[in-house]
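Below is one structure, written out as structure tokens, with a few remarks after it.
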Amino acid sequence: MDALILARMQFAANITFHILFPTITIALGWMLLFVKLRFNATRDEKWMEIYRFWVKVFALCFALGVVSGITMSFQFGTNWPNFMKTVGNIAGPLLGYEVLSAFFLEATFLGVMLYGSKRVSNRAHTIATFLVAFGTTMSAFWIIVLNSWMHTPVGFEMIDGKAHVTSWVEILTNPSLPYRLTHVLLSSGLTIAFLMAGISAYRWLRNDRTQSVYTAMRTGVTLAAILIPLQILAGDMHGINTLKHQPAKIAAMEAVWETQKGAPLVLFAVPNKETKTNDFAIEIPKLASLVLTHDLNGEIKGINEFEGKHPPVKPVFYGFRVMVGTGVLMLVVSWFGLWQFRKGRHPHKLFVRALLWMAFSGWIATVAGWYVTEIGRQPYLVHGVLTTAEAASAVPSGKIGLTLVMYVGLYITLLIAFVSTLFHLARKAGQSLDTAHTVTPNLVNYPTIQGV
Amino acid sequence: MSDILSNGQWLPLVFAFLMGLSIFIYVILDGYDLGVGMLLHNATTAEKDWMIASIGPFWDANETWLVLGVGLLLVAFPAAHGIILTNLYLPVALMLGGLILRGVAFDFRTKAQAEHKQKWNAVFFAGSLIAALCQGYMLGLYIVGFERTPLNIAFAALSGVCLAAGYCLVGASWLIMKTTDELQKKAVRWARISLWITAVGIAAVSIVTPLVNPHIFEKWFALRNIFMLAPIPLFTGLVILSMEYVLRHLPRANDKHCWLPFAGTATLFVLCFFGLAYSFFPFVVPNQMTIWQAASAPEALKIILVGALIVLPCILGYTFYSYRVFWGKVKELTYY
Numbered sequence: 030m031d032a033l034i035l036a037r038m039q040f041a042a043n044i045t046f047h048i049l050f051p052t053i054t055i056a057l058g059w060m061l062l063f064v065k066l067r068f069n070a071t072r073d074e075k076w077m078e079i080y081r082f083w084v085k086v087f088a089l090c091f092a093l094g095v096v097s098g099i100t101m102s103f104q105f106g107t108n109w110p111n112f113m114k115t116v117g118n119i120a121g122p123l124l125g126y127e128v129l130s131a132f133f134l135e136a137t138f139l140g141v142m143l144y145g146s147k148r149v150s151n152r153a154h155t156i157a158t159f160l161v162a163f164g165t166t167m168s169a170f171w172i173i174v175l176n177s178w179m180h181t182p183v184g185f186e187m188i189d190g191k192a193h194v195t196s197w198v199e200i201l202t203n204p205s206l207p208y209r210l211t212h213v214l215l216s217s218g219l220t221i222a223f224l225m226a227g228i229s230a231y232r233w234l235r236n237d238r239t240q241s242v243y244t245a246m247r248t249g250v251t252l253a254a255i256l257i258p259l260q261i262l263a264g265d266m267h268g269i270n271t272l273k274h275q276p277a278k279i280a281a282m283e284a285v286w287e288t289q290k291g292a293p294l295v296l297f298a299v300p301n302k303e304t305k306t307n308d309f310a311i312e313i314p315k316l317a318s319l320v321l322t323h324d325l326n327g328e329i330k331g332i333n334e335f336e337g338k339h340p341p342v343k344p345v346f347y348g349f350r351v352m353v354g355t356g357v358l359m360l361v362v363s364w365f366g367l368w369q370f371r372k373g374r375h376p377h378k379l380f381v382r383a384l385l386w387m388a389f390s391g392w393i394a395t396v397a398g399w400y401v402t403e404i405g406r407q408p409y410l411v412h413g414v415l416t417t418a419e420a421a422s423a424v425p426s427g428k429i430g431l432t433l434v435m436y437v438g439l440y441i442t443l444l445i446a447f448v449s450t451l452f453h454l455a456r457k458a459g460q461s462l463d464t465a466h467t468v469t470p471n472l473v474n475y476p477t478i479q480g481v
Numbered sequence: 002m003s004d005i006l007s008n009g010q011w012l013p014l015v016f017a018f019l020m021g022l023s024i025f026i027y028v029i030l031d032g033y034d035l036g037v038g039m040l041l042h043n044a045t046t047a048e049k050d051w052m053i054a055s056i057g058p059f060w061d062a063n064e065t066w067l068v069l070g071v072g073l074l075l076v077a078f079p080a081a082h083g084i085i086l087t088n089l090y091l092p093v094a095l096m097l098g099g100l101i102l103r104g105v106a107f108d109f110r111t112k113a114q115a116e117h118k119q120k121w122n123a124v125f126f127a128g129s130l131i132a133a134l135c136q137g138y139m140l141g142l143y144i145v146g147f148e149r150t151p152l153n154i155a156f157a158a159l160s161g162v163c164l165a166a167g168y169c170l171v172g173a174s175w176l177i178m179k180t181t182d183e184l185q186k187k188a189v190r191w192a193r194i195s196l197w198i199t200a201v202g203i204a205a206v207s208i209v210t211p212l213v214n215p216h217i218f219e220k221w222f223a224l225r226n227i228f229m230l231a232p233i234p235l236f237t238g239l240v241i242l243s244m245e246y247v248l249r250h251l252p253r254a255n256d257k258h259c260w261l262p263f264a265g266t267a268t269l270f271v272l273c274f275f276g277l278a279y280s281f282f283p284f285v286v287p288n289q290m291t292i293w294q295a296a297s298a299p300e301a302l303k304i305i306l307v308g309a310l311i312v313l314p315c316i317l318g319y320t321f322y323s324y325r326v327f328w329g330k331v332k333e334l335t336y337y
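First to last, the protein sequences are chains A and B.
Its first residue numbered 30, the first sequence is counted upward by one per residue in my numbering.
Its first residue numbered 2, the second sequence is counted upward by one per residue in my numbering.
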């Protein structure tokens, strides 16, 4: 196979695996802080039970995120050497600040947060939890600044084929940043909301019906119900922003081939790149124009206007539908859940089962969304500045293929191990509960667990 | 000199120093993590828990120094980052595989089903070993300028074994400091064995490096330099011999001097690191590219430097804090 395709597959495999874990840790860090603060305020042991369970998930996700993140810092050089050669003056400082300001903060205080509760005061432990949450969010900020800049590059000039900074202010406020950052942070919140609700639902279905399980499930559903309308709003604004800066991506997302006024919203279709039309299309007239331009007869540029400079239509089109579809499902489930949990009631068994099925819905929506935005930027790596092909290295395809097989094998194994461990932890938490209640709860020094 | 100061030419120097410092800190800190991981092979099940507990709070942050080192290579010397990493494509991938396995085994071994714990312990060991061997192998290839003749590859393989031994040495020294009783005695034995393999490795690298690289030969053996630089190998030999002496008498009453092997190993690493840095400077890719040829534009370097100068003291500060929180012997195997 072509070395470029293999290099892209390898990077995609890595980044897909990587993003699963920061998506959890960014919001889970804040959730743990919330739980810890609730405990500090109420001294209700159920909050500490929630903390003890989810901090383990956090540690596991953090480790998986770190090791796959390290891989990425190497792959910039091994797979895309010309990326740094061309835009290193911008990407370099942003990546540098990420490592310096965020990565160290989270990694160092993680040690105190995980193992230090007996060695430092409760207040210092709460502060460590805050610093870990803050660090993960800062990490996301720097990465999203760079990623947004790659979509909407500003504040630079090209001299001898190299980008030189003219304004850091413009780079740090580049046009797609506010929308993308909000969208990503909210998606992290939704991921953790459904994960918490889903894993708690699993414990609930196994008759592990303690206060802490009920509270965690309800907290997850409530958080989802609050975040999902905000996310739909943020997504809509992000789309309008993309229409302005990357119209080819929008055209592919909506599978609009010809430029038209009052474009229909394609609910489902099979885009056909040979005939440049959609087969089996189900459409709602004028709705795409209404959503994107807030005008029934607004003009949307078609894919055909961007000959040779538009992304492949199918993955972007389908990815977008998977993301939006999952989002709609999230809205229905979480709002129905608010009604189910009203006034401290126990939810219906079928609903709890639905929550279990939705446990990883955040992952699906997040990955689908990333595919839309990243494949939607093709054929460029930095929009209008550098194509992906230009950035690739001259490493022979055999070597890339070999390592690709290694990475994919490793990632699939680890993903299976992660999910099965998550459910194992949930089962174990239920079993150890009987003994946990006989131990006099010590408010500051929590009962210890054997091993590391 | 004024040229260097006026045109921002000093920036690559500063970044070469910072990058060297990060890699050095990485080698010491993650060195003991990887060393402890490799030594797991010789430990009983209970000792394994204890050994891993001793590095538990630190390993995440330790590994971050590698990200910083490679990150600085990436952001300050992007051209060199591309050349070095494409030349070391396969060993880098294999090392990353090792680091991934080691890192995840850390968490999985206590969280997965109990019957899988032994398996994850084995993964922990294998990951540490692979990562250490690959790093040493890459160092060897770097020294010979990436030329893959059979002899050079043999040298790189030897360098791999020796770096792994060096990591075992720093790992064993860490355990001497952090543990007691039977495990501490075992760690002393491990340290003595690793010390001698490490010594052989240092000697091999010291002999081969000037032989394969006339430029480096010139640097070390020009008449004037011989006398100026002679203290480095002499002092290295002295440190090795005194470490052997100290180890022979450990553990002592009241655990006196339990920190000495770790300090000795760190000194040994400083000397080796200085020797290598002196040999290759100012090249970042041996004989091909100097730090000035590889550097990013001064305006980009300046903006990173400002951040680095503000943030690095903070990083050192809270790293110090974290070590103080977990100061002393690891006795309890407590989590949270």
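Just so you know, even glycine gets a beta-carbon here, dropped at the ideal spot from N, CA and C.
Subject >> is_contact[N118 of chain A, chain B] using C-beta, thresh 7 Å >> reply: Stepping through the first sequence from its first residue, residue 118 of chain A is reached at position 89. Chain B, which has a Cβ nearer than 7 Å to the Cβ of N118 of chain A, makes this yes.
Original post:
Apart from the five residues on each side of it in sequence, which residues of its chain come closer than 7 Å, Cβ to Cβ, to P300 of chain A?
Top reply: Counted from its first residue, the first sequence places residue 300 of chain A at position 271. The answer, listed in chain order, is A284, N307, V342, K343 and F346.
Original post:
In the DSSP assignment, what are the bridge partners of E245 of chain B?
Top reply: Along the second sequence, one-based indexing puts residue 245 of chain B at 244. Partner(s): none; E245 of chain B has no beta bridge.
Original post:
Taking the alpha-carbon positions, what's the V468 of chain A to R81 of chain A distance?
Top reply: Position 439 of the first sequence, counted from the start, is the residue given in the question as residue 468 of chain A. Position 52 of the first sequence, counted from the start, is the residue given in the question as residue 81 of chain A. Bear in mind that a pLDDT of 35 at V468 of chain A, under 50, signals an unreliable position, so the number given afterwards is only what the model happens to contain. Cα to Cα, the separation comes out at about 15 Å.
Original post:
Expressed to the nearest angstrom, what Euclidean distance is found between the alpha-carbon atoms of L176 of chain B and T450 of chain A?
Top reply: As a working mapping, residue 176 of chain B is identified with position 175 in the second sequence. As a working mapping, residue 450 of chain A is identified with position 421 in the first sequence. Looking at the two C-alpha atoms, the distance is approximately 30 Å.
Subject >> Members of the segment 104-116 of chain B near chain A, C-beta cut-off 7 Å >> reply: G104, V105, F107, D108, F109, T111, K112, A113 and Q114
Original post:
Going by Cα to Cα distance, which pick from B:A295, B:W328 and B:C273 is closest to I24 of chain B?
Top reply: Within the second sequence, residue 24 of chain B is the residue found at index 23, counting from 1. Residue B:C273 is the option with its Cα nearest to I24 of chain B.
Original post:
Helix, strand or coil for P122 of chain A per DSSP?
Top reply: Within the first sequence, residue 122 of chain A is the residue found at index 93, counting from 1. P122 of chain A falls in the helix class under three-state DSSP.
Subject >> Pairwise C-alpha distance: N226 of chain B and L14 of chain B >> reply: One-based indexing of the second sequence puts residue 14 of chain B at position 13. One-based indexing of the second sequence puts residue 226 of chain B at position 225. Each residue's alpha carbon lies about 22 Å from the other.
**OP:** Ignore the nearest five residues each way along the sequence and tell me which others in M39 of chain B's own chain have a CB closer than 8 Å to its CB.
**Re:** Taking the first residue of the second sequence as 1, we reach residue 39 of chain B at position 38. Excluding positions up to five away in sequence, the list reads F126, S129, L130, A133, A165, Y168, C169 and G172.
Subject >> Bridge-paired residues (DSSP) for P300 of chain A >> reply: The residue you call residue 300 of chain A lines up with position 271 of the first sequence. Answer is A:N307.
Original post:
Within the 7 Å Cβ cut-off, does E186 of chain A reach chain B?
Top reply: Translated into positions along the first sequence, residue 186 of chain A becomes position 157. Closer than 7 Å: no.
**OP:** Note down, one range per segment and in chain order, each alpha helix (DSSP H) of at least 4 residues found wholly within the segment 378-425 of chain A.
**Re:** 378-386, 390-404 and 417-420
Original post:
Among the residues of its own chain, which have a CB less than 7 Å from the CB of Y475 of chain A, if the five just before and after it don't count?
Top reply: Against the first sequence, residue 475 of chain A aligns to sequence position 446. Summary for Y475 of chain A: the model assigns pLDDT 36, below 50, so the residue's position carries little reliability, and this model does not support an answer.
**OP:** Report buried or exposed for D31 of chain A, applying the criterion of at least 16 other Cβ atoms within 10 angstroms of its Cβ.
**Re:** One-based indexing of the first sequence puts residue 31 of chain A at position 2. So D31 of chain A ends up on the exposed side.
Original post:
Which of the three DSSP states, helix, strand or coil, is assigned to K120 of chain B?
Top reply: Position 119 of the second sequence holds residue 120 of chain B. Looking at K120 of chain B - three-state DSSP - the assignment turns out to be helix.
Original post:
What number of angstroms, rounded off, separates the C-alpha of G227 of chain A from the C-alpha of W386 of chain A?
Top reply: Here residue 227 of chain A refers to the residue found at position 198 when the first sequence is read from its first residue. Here residue 386 of chain A refers to the residue found at position 357 when the first sequence is read from its first residue. Rounded to whole angstroms, G227 of chain A to W386 of chain A spans 7 Å at the Cα level.
Original post:
Within the chosen definition, does the segment 205-221 of chain A reach the segment 49-60 of chain A through at least 3 CB pairs nearer than 8 Å?
Top reply: yes
**OP:** Starting from V93 of chain B, find everything on chain A with Cβ-Cβ shorter than 7 Å and list it in chain order.
**Re:** Here residue 93 of chain B is taken as the residue at index 92 of the second sequence, counted from 1. Within chain A, the residues near V93 of chain B are F103 and T107.
Original post:
Do you know offhand how far D34 of chain B's Cα is from L319 of chain A's?
Top reply: Locating residue 34 of chain B in the second sequence gives position 33, counting from the first residue. Locating residue 319 of chain A in the first sequence gives position 290, counting from the first residue. Their Cα atoms are separated by approximately 58 Å.
Original post:
What are the boundary residues of the alpha helix (DSSP H) that includes V326 of chain B?
Top reply: Against the second sequence, residue 326 of chain B aligns to sequence position 325. Segment P299 to V326, the alpha helix (DSSP H) holding V326 of chain B.
**OP:** Could you confirm whether any beta carbon from chain A is found closer than 7 Å to the beta carbon of A301 of chain B?
**Re:** Counting from one through the second sequence, the residue named residue 301 of chain B turns up at place 300. With 7 Å as the cut-off, A301 of chain B counts as an interface residue toward chain A.
**OP:** Return the chain-ordered ranges of every alpha helix (DSSP H) run that is complete within the segment 133-174 of chain A and spans a minimum of 4 residues.
**Re:** 133-144
Original post:
On the three-pair Cβ rule with 8 Å, is the segment 233-244 of chain A touching the segment 180-190 of chain A?
Top reply: no
Original post:
From the beta carbon of D34 of chain B, is the nearest beta carbon of chain A less than 7 Å away?
Top reply: As a first step, residue 34 of chain B is located in the second sequence; it is residue number 33 there, counting from the start. Chain A contact via Cβ: absent.
**OP:** Please confirm if P425 of chain A has its CB atom under 7 Å from at least one CB of chain B.
**Re:** Position 396 of the first sequence, counted from the start, is the residue given in the question as residue 425 of chain A. By this cut-off, P425 of chain A is not an interface position.
Subject >> Same chain only: Cβ atoms within 8 Å of G121 of chain A, ignoring 5 sequence neighbours per side >> reply: In the first sequence, residue 121 of chain A corresponds to position 92, counting from 1. Counting only Cβ-Cβ distances below 8 Å, and skipping sequence neighbours, we find M113.
Subject >> CB contact check: A81 of chain B to chain A, cutoff 7 Å >> reply: Residue numbering aside, residue 81 of chain B sits at position 80 when the second sequence is read from its first letter. False, the Cβ-Cβ gap to chain A never drops below 7 Å.
Original post:
I think I329 of chain A touches I279 of chain A, with their Cβ atoms under 8 Å apart; what is that distance to the nearest whole Å?
Top reply: For the purposes of this step, residue 329 of chain A is identified with residue 300 of the first sequence, where counting begins at 1. For the purposes of this step, residue 279 of chain A is identified with residue 250 of the first sequence, where counting begins at 1. The pair is a contact, with the Cβ atoms about 7 Å apart (cut-off 8 Å).
**OP:** Within the same chain, show all residues whose beta-carbon is closer than 7 Å to that of A192 of chain B, passing over the 5 residues directly before and after it, in chain order.
**Re:** Here residue 192 of chain B corresponds to residue number 191 of the second sequence, with the count starting at 1. Here the set comprises L170, A173, S174, I177, L248 and P262.
**OP:** With 7 Å as the limit, tell me which residues of the segment 436-462 of chain A have their beta carbon closer than that to any beta carbon of chain B; keep them in chain order.
**Re:** L439, L443, A446, T450, H453 and L454
Original post:
At what residues does the beta strand (DSSP E) containing F40 of chain A begin and finish?
Top reply: Mapped onto the first sequence, residue 40 of chain A falls at position 11. Here F40 of chain A belongs to no beta strand (DSSP E); instead the alpha helix (DSSP H) covers A32 to T71.
Original post:
Of all Cβ atoms in chain A, is any one closer than 7 Å to the Cβ of A298 of chain B?
Top reply: Taking the first residue of the second sequence as 1, we reach residue 298 of chain B at position 297. With 7 Å as the cut-off, A298 of chain B counts as an interface residue toward chain A.
Original post:
Is any beta-carbon of chain B found at less than 7 Å from that of Y126 of chain A?
Top reply: The residue you call residue 126 of chain A lines up with position 97 of the first sequence. Chain B, which has a Cβ nearer than 7 Å to the Cβ of Y126 of chain A, makes this yes.
Original post:
Among the residues of its own chain, which have a CB less than 6 Å from the CB of Q479 of chain A, if the five just before and after it don't count?
Top reply: In the first sequence, counting from the first residue as 1, residue 479 of chain A sits at position 450. Confidence in Q479 of chain A is poor, its pLDDT being 36 and thus under 50, which makes the residue's placement too unreliable to answer from.
Original post:
Which partner residues does L294 of chain A have in the DSSP bridge list?
Top reply: Position 265 of the first sequence holds residue 294 of chain A. DSSP lists A:I313 as partners of L294 of chain A.
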